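Working notes, beginning with the structure itself.
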Amino acid sequence: MWVPRFSEHNQPMYLMVAQALEQDIARGVLVGGERLPTLKALAAALDVTPGTISRAYEEAQRRGLVVGEVGRGTFVSQRPAMRGDAPAAEGRLDLPSAQLDLSVIKPHGAVLESWLREALMRLAQSEDLTRSLDYAPEGGHPLHREAGAHWLRGALPEARWQQVVITAGAQHGLLVAMNGLTRSGDLILCEALCYPGIISLAHHSGRRLQGVAMDEQGILPEALRERCRQEKPALLVCVATCQNPTTAIMSEARRAEIAEIAREFDFLILDDDIYGFLAPTPLRPLASFAPERSVYLTSLSKSVAPALRIGYLHGPPETLSRLNAMVRSSVWMPSPLMAQLATQVIAEGLGTQLMAVQREEAAARQAIAAQVFQGLQVRSQPNSYHLWLTLPEPWSCDEFALLARANGVTLLSGSQFFAERSTSTRGVRIVLMSPTSRDELRFALTRLASMLASAEPRLYY
Ligand SMILES: Cc1ncc(COP(=O)(O)O)c(C=O)c1O
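Numbering (the working numbering), first residue to last: 9 to 469.
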């Protein structure tokens, strides 16, 4: 008879039994179709009530590990859903009838759910929960800020918890830094093709936004210098790694040059490094080239889960009171409960594991895109969640996005990313991580490629 063995008693019994089941299935101790002990027998072996075992089997069933058959007992599933499973196995084409979405940059959700479910349960059992039920002090609870500093040190070794400000995600971090560090009417510079969240923030807060010309490494130093000669900006917002939308990655030499220009013309830098973990090889963040005038920003949305809504700003000491004031006036404080969950995810190493899983999934999806889009003008990175496709003549980006939508695929036209209306592009942004499976992605990309192969870019109603 199968009896679970526990090395330590760190969770409620029913969770420990479910966990042991999962581990023994993964190790091959239990195989698909095998019958599990009856509630009574296992309860007697573990000296607990049959109710506890019933709860454990329910939990295992919910995780897809076992199936219960009325009157026959509980059996190991023929293909139990395991944690290490590829997030979206090939060969499971489950085509949705609705629109295929290639428009939202997010981590792939398959592994996330079961991992986070367990993290939430541990949080519910933990004494740390108490800390998260009250208002937090300015900047966030010191323990939550230390977790943030620990997370940031992966990219920014000099990060100190005293300089960390917790935000409700990176979009909120952008709002806090852009509004806290500039005044109404100030000039903010950004990439010519830029994340729409930055554009809408500038417009809603009465800041003037100008885009700087780019190449495959992002902002061009000469173009930046030229803008600064015309008028001194207050702030440069920059996404230096896997830039949204172009996927440009700025070399360290270019980062050093941009930092030098910031010193020369005396403006601040907001280094939005939300995609930093997707760089093919680690790069020193832009902020570290001019730490005295740079605010570093990241969040857990792309690496762990968008719904966590926790981000971290790291600023020079002189900026902290302005950043904190803006957090207070915008949301009073990001949810301490979510900050505690983020702290736990970081402390337990789950965040780092998830980042690695997501990088791998992104690489597999980039390989599919490279195959389907062979011969087309694609700009991308090996682990980027998205790519930038320059359309062949005579397509325009708006026309293509419209026609793709009519063909069941949603993506964003390059015109959505114009920092200034005068910009032009024939590019579209295609996100690879949003489809639920790799096969679904292949299907959507093939549909786009076949649209491009057709001679006539026309939409017939
Ligand atoms: C460059 C960039 N910054 C910030 C954000 C916002 O991230 P969050 O979901 O953490 O608010 C995004 C989201 O797509 C982004 O692409």
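Backbone N, C-alpha and C define an ideal beta-carbon position, used for all residues, glycine too.
Please read all numbers here as calculations on a predicted model, not as lab measurements.
Cβ-based burial, residue i [other Cβ within 10 Å; buried from 16]
i	result
MET258	buried
ARG13	exposed
THR82	buried
ALA461	exposed
ALA96	Annotation note: pLDDT 42 at ALA96 (below 50); position unreliable, coordinate value reported separately. It is buried - the Cβ of ALA96 has at least 16 other Cβ atoms within 10 Å.
SER430	exposed
LEU183	buried
TRP340	exposed
TYR469	The predicted position of TYR469 is uncertain, since its pLDDT is 45 and thus under 50; a value taken from the coordinates is nonetheless stated next. Looking at its Cβ environment, which holds fewer than 16 other Cβ atoms inside 10 Å, TYR469 is exposed.
THR190	buried
LYS48	exposed
GLN27	buried
C-beta neighbour in chain C for residue i, strict 8 Å
i	result
GLN69	Structure shown: chain C not included; a single protein chain is present.
Near ligand 1: residue i beta-carbon under 7 Å from a heavy atom
i	result
PRO241	no
GLY359	no
ALA295	no
ALA178	yes
ASN187	no
ASP279	no
ILE227	no
PRO314	yes
GLY435	no
TYR203	yes
LEU419	no
SER309	yes
GLY422	no
GLY319	yes
LEU182	yes
ILE354	no
Residue i vs residue j beta-carbon contact at 8 Å
i	j	result
VAL75	GLU42	no
CYS198	LEU217	yes
GLN424	PRO204	yes
LEU294	CYS246	yes
SER445	VAL112	no
GLY319	THR306	yes
THR175	VAL335	yes
ILE277	ALA178	no
MET21	VAL56	yes
GLN107	GLY357	no
THR398	GLN389	no
ASP392	CYS405	In the sequence as presented, Asp is not what sits at residue 392; that position holds Ser. Going by C-beta atoms, SER392 is not nearer than 8 Å to CYS405.
LEU419	ILE438	yes
ARG139	ALA157	no
Bridge partners - residue i, DSSP secondary structure assignment
i	result
LEU278	VAL245 and VAL303
LEU321	VAL173 and LEU305
GLN218	LEU197
GLN385	THR398
SER421	VAL436
GLY76	THR82
ILE33	Answer is none; ILE33 lacks a bridge partner.
ARG43	PHE83
LEU108	VAL417
GLY147	Paired residue(s): none; GLY147 is not in a bridge.
GLY226	ASP223
PHE426	LEU201
contact_flag[the stretch 347–356, the stretch 151–159] where n(CB pairs < 8 Å) is 3 or more:
yes
Across the stretch 252–266 and the stretch 160–173, are there enough close Cβ pairs to call them in contact, namely three or more that are closer than 8 Å?
Because the criterion of three Cβ pairs below 8 Å is not met, the stretch 252–266 and the stretch 160–173 do not touch.
Are at least three pairs of beta-carbons, each pair with one atom in the stretch 55–74 and one in the stretch 366–377, less than 8 Å apart?
no
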